[in-house]
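The structure appears right after this line, and notes come after that.
Protein chains in written order, with the working numbering: chain A, 3 to 459; chain B, 3 to 459.
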């Protein structure tokens, strides 16, 4: 069994386990109490805060432990927006932020605020210039991830922070995916992280708020964590989180170099091994351990199940894995194919053999899933008779509309048109993406009607 | 060293430790993923939910795991208020609820809602009749703790729930202190708990919402816990929490009987051993393991430090222990003395010898703290010359105003008056309480002037 879903969660790091076990006996008491058990707990908490602050690159009194990365994001965004209410009500985010950020943005809109989403290139990367231009005078807060969780693209955080500093807008950086690999450079104002992403325990998020940033903690008052995170402190987990972050960092450079080479192998060989496949995400500015590709004529969930059965645990940005049927907002913002999307994120220690086994198994797995769905085989040569054909794929879910399209494209002459009737939301993304990959011309959509013109291949 | 602060937090129960260790290896993955690590995590989570729901007395699909008891309360209150917005904007709470409830109530008021506090008797107990009368037609939610965290008084939850059901108002029960001892009876609508109060790990709260209760989760949307608790699930901790609750319950009746006898001993002997001391809280309707008393002429923090030095870890509802200088809102609502308040809460397994050692040490500890503060010794017999004396204790903190008063009361003749000038907020509570305990007559306060008439003793 190979676990290639590090970006979702990692097993507990040995250092985290050791620190957790040691502090279960020392860190269970209430650190607000004056008795010796309380004081002992307080000392552990203070030491963990110092260590984690050093890893983050902030002062201990700027760092708060929250119940999760999501809590850190929700609190950081709501607190900074409330603290800057007089400056304005606009929130600027990139279109590829984590759903926790986008959900916080929706809550801000429901409360009467406004949100501007900054788009990304096909690589998933924000343009720093465009970022700077989005910062109006009424902007209260801007949020940019350090690295994308679905495709691994690094964002130009340092330049974005410079733009924000010039515009006097605080920048919140969601560093959940990059924090294991190193501190976030630049003049950020707020930063969040999540311990289980680096092999720390679940139940620990980090929220850094630089001194001088206006901040009004949301929700009911609470004395814990200087009012920034309500609820009894989870000290054993916090100690384990801080210790493992330090341990992971000590090996980050060497491990990044090693995994980067393995990912390079996957990036290069998957398109050659599996026809009609596109590797997505920035080829240069990227996380060392993560690679994402999309396969035509396959649905993501079926592919995940088939890979799981073959002994590989991967994830997908598309469709049903997150209990929703909508295509990933990240892939949509990038304008790349969402169907058959696979995210491979290698945990530290992944061997070359694991990766070779994966590359050996993948072509057969994809072929079987495609065959099961009735995907087209080799294209029929020559042209058909009809100048226009209509395929009715209404009521059929992704990837079936694209499969239907691919089956008939060679039945119209070069220059002829196929009209696809499709009401699955993913078709809006996947039909243009299919055209881009196969070289046919996407002529536009009107309601549920998509027009594709056959181009000579 | 004897740890008598179970009501704050308990060391990890052996069953919790065992379950935590076992599930660290099985429960670290994302339960929303379809791969085998994700499915394994999901199975652990589902099993923990079934077990905890059985302990709580609800259906598994009515129970959500939150990041802490405080999160459960904040979410439960905000969610129920939002869900019942059309029914009204009034929140009814008892005056002795946990600060997490009162802070949520303040947040509700800031958002335009109204709050009615129902007072308590000198025992700390709500009158069920009065509770029923507080439920107006515009009442959206009522909150009543099952047992008070500072004095151990049990509330008439079952009758309160009946009143609520008749008025068609959902009742939220904060069961943090009583849940280790048994399920909460009656027709409650929502219920909260906190795992570290029963020997489970920190980082786990319970929120039960009965089917049919209107509920709109507050804050940004999130898919975890059916939208009731954002953030990555802390499965190893949740498993440990559920397992230890079951284990604690298996021994609850026997342990309750044993600790009840030890508490009875403390209740009976402390007033005899330590002069000018009052045991507070309901003598009959009370938690088995908790007893609170207040000592005149002592400040709570000094007493905690002295007891800590003598090897006893206890807590105090009064003053500085929670980093605020205001007297406990619980003791104030009860109208009892707040100065020199000590809460003894015995963990399971406390031995008779531990309690005897405590009772042996307490009189000397209190005496030393009193001597250090210059507390009065034996009363001077006879009366003084002046019919009215004035003591200026402005700028002096509790218990100094009461100490000054006690020093001079015998310098006025029986029927004479002492005027105490005191601007510490605690004096408002402690001077009347002192009168009640010593038999002198409190004649009222005007601004910072308190008038006390000497009565023949």
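The beta-carbon is built from N, C-alpha and C at its ideal position, and this holds for glycine as well.
Among the residues of the stretch 18-38 of chain B, those with a Cβ less than 7 Å away from any Cβ of chain A are 19, 26, 30, 31, 32, 34, 35, 36, 37 and 38, in the order of the chain. Close partners of residue 105(B) in chain A (Cβ separation under 7 Å): 222, 223 and 224. For the 8 Å CB-CB criterion, residue 10(B) and residue 313(B) do not form a contact.
In terms of Cα proximity to residue 70(A), the closest of 209(B), 205(B) and 171(B) is 205(B). Judged by beta-carbon spacing, residue 149(A) lies beyond the 8 Å limit of residue 143(A), meaning their Cβ atoms are not closer than that value.
As DSSP reads the structure, residue 452(B) sits in a beta bridge with 422(B) and 447(B). For residue 437(B), the enclosing alpha helix (DSSP H) starts and ends at 429-440. At least 8 Å separates the CB of residue 343(A) from every CB of chain B.
Under the Cβ criterion of 8 Å, residue 236(A) is counted among the residues facing chain B.
For residue 141(A), the pairing in a beta bridge is given by DSSP as 92(A). In this chain, the alpha helix (DSSP H) harbouring residue 407(B) covers 402-410.
Taking C-beta separations shorter than 6 Å and ignoring five residues to either side along the sequence, the partners of residue 371(B) in its chain run 300, 304, 305 and 308, following chain order.
Taking a cut-off of 8 Å on C-beta distances, the stretch 160-180 of chain B does not touch the stretch 31-46 of chain B, as fewer than three cross pairs fall below it. Against chain A, a Cβ distance below 9 Å from residue 303(B) picks out 36.
Below 8 Å, enough C-beta pairs join the stretch 237-256 of chain B and the stretch 55-67 of chain B to call them touching: three or more. Among the residues of the stretch 63-77 of chain A, those with a Cβ less than 8 Å away from any Cβ of chain B are 69, 70, 71, 72, 73 and 76, in the order of the chain. The C-beta separation of residue 127(B) from residue 163(B) comes to about 16 Å, leaving the pair out of contact by the 8 Å criterion. Rounded to the nearest whole angstrom, the C-alpha separation of residue 40(A) and residue 132(A) is 50 Å.
An exposed status is given to residue 374(A), since fewer than 16 other beta-carbon atoms sit within 10 Å of its beta-carbon. In this structure, residue 77(A) lies near residue 219(A), with their beta-carbon atoms less than 8 Å apart. Within 7 Å of the CB of residue 242(A), no CB atom of chain B is found; the nearest one sits about 10 Å away. For residue 350(A), no Cβ of chain B is located within less than 8 Å of the residue's own Cβ. The three-state reading of DSSP puts residue 129(A) in coil, since its state is none of H, G, I, E or B. With a 10 Å radius around the Cβ and a threshold of 16 neighbouring Cβ atoms, residue 406(A) comes out buried. For residue 296(A), there are no neighbours in chain B by C-beta distance under 8 Å, as the nearest C-beta there is about 17 Å away. In this structure, residue 293(B) and residue 276(B) do not form a Cβ contact; the two beta carbons are roughly 13 Å apart against a cut-off of 8 Å. Neighbourhood of residue 356(B) in chain A, by CB distance below 7 Å: empty, with the nearest CB roughly 15 Å away. Within 10 angstroms of the beta-carbon of residue 232(A) lie 16 or more other beta-carbons, which makes it buried. Neighbours of residue 48(A) in chain B, taken as residues at a C-beta separation under 7 Å, are lacking, since the least C-beta distance is about 15 Å.
In the same chain as residue 198(A), and ignoring 5 residues on each side of it, the C-beta atoms closer than 6 Å to its own belong to 11 and 204, in chain order.
Following the DSSP letters along the chain, one finds residue 288(A) in no alpha helix (DSSP H), marked with neither H nor E.
About 18 Å separates the Cβ atoms of residue 221(B) and residue 208(B), ruling out a contact at the 8 Å cut-off. Counting along the chain, residue 67(B) sits inside no alpha helix (DSSP H); it lies in the beta strand (DSSP E) bounded by residues 65-68. Contact annotation for residue 108(B) against chain A: 222 and 223 [CB-CB distance below 8 Å, chain order]. Closer than 8 Å to the CB of residue 14(A) there is at least one CB belonging to chain B. Taken atom to atom, the span from the alpha-carbon of residue 417(B) to that of residue 432(B) is near 21 Å.
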